[in-house]
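There are 2 protein chains.
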Amino acid sequence: MSAPFQTLAQFRDLLTQMPDADVAARVAAGGRNSQLTKPPGALGRLEEVSIWMAGWQGREKPQADKPQIVIFAGNHGIAARGVSAFPAEVTVQMVANFQAGGAAINQLARTYGADLVIKSLELDRPTADFTQGSAMTEADLVRALATGWEAVDTGADLLVVGEMGIGNTTAAAALSAALLGGMVSEWVGRGTGVDDAGLHRKAAVVAEGLARHGVALSDPMEALRCLGGREMAAMAGAIACARHARVPVILDGFICCASALVLARCVEGALDHCLAGHVSAEGAHPRLLAALNKEPLLNLGLRLGEGSGAALAIGVVQGAVACHNGMATFAEAGVSDG
Amino acid sequence: MSAPFQTLAQFRDLLTQMPDADVAARVAAGGRNSQLTKPPGALGRLEEVSIWMAGWQGREKPQADKPQIVIFAGNHGIAARGVSAFPAEVTVQMVANFQAGGAAINQLARTYGADLVIKSLELDRPTADFTQGSAMTEADLVRALATGWEAVDTGADLLVVGEMGIGNTTAAAALSAALLGGMVSEWVGRGTGVDDAGLHRKAAVVAEGLARHGVALSDPMEALRCLGGREMAAMAGAIACARHARVPVILDGFICCASALVLARCVEGALDHCLAGHVSAEGAHPRLLAALNKEPLLNLGLRLGEGSGAALAIGVVQGAVACHNGMATFAEAGVSDG
């Protein structure tokens, strides 16, 4: 699908015109849930997930057998500042690994029956070092948002967006600090495993970036343009597209959530169609989830990116939906309901 | 498989002759894990799970595509004491629901490709009210242990044991209190949703049971016989059989863990082949998991029983194993390893 915007202003307009969940479907699903052969509430968060899915899909019995996973890859000028445990060329090498089927996300996509799409965003043109200038031009930003939007299969019943980009925990930390405030040190973490010296460099680079762009950062889309990466903009575009198509989204880790945060800061409720798949081991992810008011489904100590935590959560959502759709009611089963 | 014991003494002997994990397979799996295309440790608990599975299955690349779920059902004399939100006839009604495919566990088994087996244990002969006498005779106990042992498919690559039995959170609370001490009120919870008056009755019944059996409870198998249920003994028997066959087990909620606790109290390390699938919403489950020194994979607020939380964890284990087996190494993928 071609993105229905050519300018940033048009994209901003689309964010103000987002559909809400189908209340009737959600109510019907809640009614069904209350009749299923289990004590009330005994399936815990699975019940909440199924009813939420029903609302966004607009049907009493939601489905989760056609999930789509889209991984966006981008390169960051900031990577040259020694903020990562891995060299910048790993981004393109990992894209080749995704394409060859050798990465974690390939195995998880297969396990849960998800369609996996890989989108590289101009890997040979890293964003600018955000301590020196804006990471992206407005044209770069719009192009990346559109790439994200266009990658979404609006016929999918569930979407996971993930990323690959050496240096992008630094960009996500800068973006989070810009949009949520707090100390830089609270937003900077070890990413793929940077050492103490690298962690210090990350914090210094983020502080420089925040100082460099100053008041421009008060606008969330401007903050994304100044500090973010193409893969981050693409995730935001994909999440916005999913909302317009009422496809429920599972958010992944720190970088995904920082990208989603841009939408939430533009329009209240912009992430109502999103579920937090997991909380990662990246130090600032819990803080970011709290700011988004999202309770993660899983907590498995992952810190890989690639959409891997959200992909694992697909398996849980599939279990939830299977129970909701397939269980007998008390009346059907002839079970006494207490 | 016919159980290799006819007496309780023979079962006790088997507990002292349990095989350990295959160290060479575990080491080989750890070596493989360290070469996969991800930062070290970035798959968090998935890595630990895969390596643990490799050790118990005795192969560098463990499998999780033939899981078995066995649900044991039993009735409890104690149910007549008003300790449950549901009447005792629900046990047999829910067994019919399992057999007809209408319960949560049926949907979860299908979702994760597990073979589901239902074993009813003399539902028309509830255990005795443990405040009046021993819940089971030694013959009852041995028969139930054997039913559990014989239900296990030793060719499965993963086992979940679950239960159904109105009144069994009361039995599990009594057993936990007997084996671990502490205040009765710390072990008694709302089960399927008992009200405040019912909760008081539960606590009183548990205290009566502990006082009634006194010093006999210092032997774990005797405690199981005096306070437990047939489905609980069967779970213990199944877990012991799995250990002898080196089939890894995923533990479910409070009742499953209380049953497993009996083995752990008989022989140190008896549950080394068991993973905690989840922590349930039953109040005392976290305390019980801590006593077992098990960190749960999932925390989704479930309190259903039926093996449902452990079944959900199968999905996570399948994702873990898929990553471990299917990912490319740094050398294979030509990715720089930092």
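One line per chain: the protein sequences are A and B, in this order. According to the working numbering, the first sequence is numbered sequentially starting from 944. According to the working numbering, the second sequence is numbered sequentially starting from 944. No residue lacks a Cβ here, since even glycine has one placed at the ideal position from N, Cα and C.
Candidates the options: closest to residue i by CA position
i, options, result
"B:Val1192", "B:Met1178, B:Gly1244 and B:Gln1036", "B:Met1178"
"B:Leu1066", "B:Glu1081, B:Ala1078 and B:Gly1108", "B:Gly1108"
"A:Leu1102", "A:Asp965, A:Leu1245 and A:Met996", "A:Met996"
"B:Ala1234", "B:Arg1186, B:Leu1214, B:Ala1224 and B:Gly1252", "B:Leu1214"
"A:Thr1272", "B:Pro962, B:Asp1008 and B:Asn1040", "B:Asn1040"
"B:Ala1265", "A:Pro1030, A:Leu1059, A:Gln1050 and A:Ala1022", "A:Gln1050"
"A:Pro1010", "A:Asp1100, A:Gly1250 and A:Arg1133", "A:Asp1100"
"A:Ala1114", "A:Leu957, A:Pro947, A:Gly1020 and A:Asn1236", "A:Gly1020"
"A:Glu1249", "A:Leu1218, A:Met1175 and A:Glu1238", "A:Met1175"
"A:Glu1165", "A:Pro947, A:Phe948 and A:Phe954", "A:Phe954"
"A:Pro1239", "A:Gly1220, A:Arg1230 and A:Ile1257", "A:Gly1220"
"A:Leu1160", "A:Met1270, A:Ser1119 and A:Glu990", "A:Ser1119"
"A:Leu1218", "A:Val1190, A:Leu1243, A:Glu1211 and A:Gly1244", "A:Val1190"
"A:Ser977", "A:Val966, A:Glu991 and A:Thr1090", "A:Glu991"
"B:Val1287", "B:Val1222, B:Arg1186, B:Phe1197 and B:Cys1199", "Given that chain B is displayed from residue 944 to residue 1281, the structure contains no residue 1287 of chain B and the question cannot be resolved."
"B:Cys1199", "B:Lys981, B:Leu989, B:Phe1015 and B:Gln960", "B:Phe1015"
"A:Val966", "A:Ala1078, A:Pro983 and A:Glu1003", "A:Glu1003"
"B:Gly1180", "B:Val1026, B:Asp963 and B:Ala1089", "B:Ala1089"
"B:Ala1023", "B:Gly1141, B:Trp1130, B:Leu1232 and B:Ala964", "B:Gly1141"
"A:Ala1256", "A:Leu989, A:Leu1206, A:Pro983 and A:Gln1036", "A:Leu989"
Residue i: contacting residues in chain B (beta-carbon distance under 8 Å)
i, result
"A:Ser1279", "Phe1029, Pro1030, Glu1032, Val1033 and Gln1036"
Min CB distance residue i to chain A below 8 Å
i, result
"B:Thr1054", "yes"
"B:Lys1009", "no"
"B:Asn1049", "yes"
"B:Lys1004", "no"
"B:Cys1266", "yes"
"B:Leu1255", "yes"
"B:Leu1247", "yes"
Contact list for residue i against chain A, beta-carbon separation under 7 Å
i, result
"B:Arg988", "Leu1243 and Gly1244"
Interface flag, residue i vs chain B, CB-CB below 8 Å
i, result
"A:Ala1046", "yes"
"A:Val904", "Residue 904 of chain A lies beyond the residue range present for chain A, which begins at 944 and ends at 1281; the question has no answer from this structure."
"A:Gln1261", "yes"
"A:Met1270", "yes"
"A:Leu1231", "no"
"A:Leu1194", "no"
"A:Leu1218", "no"
Contacts of residue i in chain B (Cβ-Cβ under 9 Å)
i, result
"A:Gly1136", "Pro982, Pro983, Gly984, Ala985 and Gly1281"
Whole-angstrom C-beta distance between residue j and residue i, which should lie under 8 Å
i, j, result
"A:Arg1246", "B:Gly1262", "At roughly 16 Å, the Cβ-Cβ gap does not stay under 8 Å, so A:Arg1246 and B:Gly1262 are not in contact."
"A:Asp1183", "A:Leu957", "In the sequence under discussion, the amino acid at residue 1183 of chain A is Ala, which differs from the Asp named in the question. Confirmed, Cβ separation roughly 7 Å."
"A:Val1013", "A:Val1060", "5 Å"
"A:Leu1064", "A:Gly1017", "5 Å"
"B:Glu1081", "B:Arg1168", "6 Å"
"A:Gly1132", "A:Gly1226", "4 Å"
"A:Leu1194", "A:Lys1145", "Wrong, their Cβ atoms sit about 23 Å apart, outside the cutoff."
"A:Leu1204", "A:Phe1073", "Incorrect: roughly 17 Å between the Cβ atoms, too far for contact."
"A:His1156", "A:Ala972", "With 8 Å as the limit, A:His1156 and A:Ala972 do not qualify as a contact, their Cβ atoms being about 44 Å apart."
"A:Lys1254", "A:Ala1087", "Before going further, note that residue 1254 of chain A is Ala rather than Lys in the sequence given. Not really, about 22 Å apart at Cβ, beyond 8 Å."
"A:Pro1163", "A:Arg1208", "4 Å"
"B:Asn1242", "A:Asn1111", "Not confirmed; about 28 Å, so no contact."
Neighbouring residues, chain B, relative to residue i (Cβ below 7 Å)
i, result
"A:Gly1258", "Gly1258, Val1259 and Gly1262"
"A:Asn1040", "Thr980, Ala1271, Ala1276 and Val1278"
Where residue i meets chain A, residues with beta-carbon distance less than 8 Å
i, result
"B:Ala1043", "Ala1271 and Ala1276"
Proximal chain A residues relative to residue i, where beta-carbon distance stays under 9 Å
i, result
"B:Gln1140", "Here residue 1140 of chain B turns out to be Ala, not Gln, going by the sequence shown. Those do not exist, as B:Ala1140 stays about 15 Å from chain A at its closest Cβ, beyond 9 Å."
"B:Ala1224", "Gly984, Ala985 and Gly987"
Where are the alpha helix (DSSP H) runs, 4 residues long or more, that stay fully inside the stretch 1106-1156 of chain A, in chain order?
1111-1123, 1127-1130 and 1139-1156
Only counting runs of 4 or more residues, tell me where the alpha helix (DSSP H) segments fall wholly within the stretch 956-1030 of chain A, in order along the chain.
966-978 and 988-1000
Can you check the stretch 1034-1096 of chain B for any beta strand (DSSP E) of at least 3 residues that lies completely inside it and give the ranges in chain order?
1058-1063
Any alpha helix (DSSP H) of 4 or more consecutive residues that is wholly inside the stretch 1162-1214 of chain B:
1163-1170, 1173-1187 and 1197-1209
Could you name each continuous alpha helix (DSSP H) segment of 4 residues or more that falls completely within the stretch 1240-1277 of chain A, going from the start of the chain to the end?
1251-1269 and 1273-1276
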